[in-house]
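Okay, so the sequence shown: first residue is 18 according to this note's numbering, each after it adds one.
Cβ atoms here follow ideal geometry from the backbone N, Cα and C, with glycine treated the same way.
Scroll down for the structure; my scribbles are underneath it.
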Amino acid sequence: MGQYYKFVNKTRKEESQISLPFNFGMAWAKSIERYDDKEVEAMFRFVTKNNEGWDEDDDTVAVGDYGTVIKYSDIKNRIDDKFKWEGYEPEKVPPKKLDDLNGIE
18 MGQYYKFVNK
28 TRKEESQISL
38 PFNFGMAWAK
48 SIERYDDKEV
58 EAMFRFVTKN
68 NEGWDEDDDT
78 VAVGDYGTVI
88 KYSDIKNRID
98 DKFKWEGYEP
108 EKVPPKKLDD
118 LNGIE
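If you want it as structure tokens, here you go:
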């Protein structure tokens with residue numbers, strides 16, 4: 018069974034709350050460690066694009082519920098490939114403010 022991942026912008030200390038087209042509209046992603054880097058990068062691009070104030074250069078990570086952390090900066094290649102779900106426009110909801118990063122490295 019895979020981990021559930023939340024997307025966190027460490028630069029802004031915010032957790033994404035937008036609905037994700039690659040997980041049935043939920044705000045978290047499942048088992049992204051099983052996808053190839055191209056698709057995971059596309060997920061990060063989508064989350065960054067659709068969260069108000071988030072920027073490609075921010076320190077953004079996906080944090081699994083078992084503690085795995087995937088860093089956007091580790092997989093970012095600025096590729097041009099697009100996935101069908103990247104055209105999805107989620108309802109605009111503000112990210113959740115975090116008081117601290119609770120051990121997220």
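For residue i: DSSP bridge partner residues
i: Gly81; result: Tyr22
i: Glu73; result: Glu73 pairs with nothing; no bridge assigned.
i: Ala46; result: Tyr22
i: Lys66; result: Partner(s): none; Lys66 has no beta bridge.
Three-way DSSP call (helix, strand, coil) for residue i in this model
i: Val86; result: strand
i: Lys30; result: coil
i: Lys114; result: strand
i: Ile92; result: helix
Selection from the options that minimises the alpha carbon distance to residue i
i: Asp91; options: Leu118, Pro107, Val57, Gly104; result: Val57
i: Asn94; options: Ala59, Asp117, Tyr52; result: Ala59
i: Tyr83; options: Lys109, Lys47, Ser36; result: Lys47
i: Pro107; options: Asp54, Leu118, Val78, Met43; result: Met43
i: Lys45; options: Leu115, Ile35, Lys30; result: Note on identity: in this sequence residue 45 is Trp, with Lys being the wrong assignment. It is Ile35.
Chain B within 7 Å of residue i, Cβ atoms only
i: Asn94; result: Of the protein chains in the structure, only one exists, and it is not chain B.
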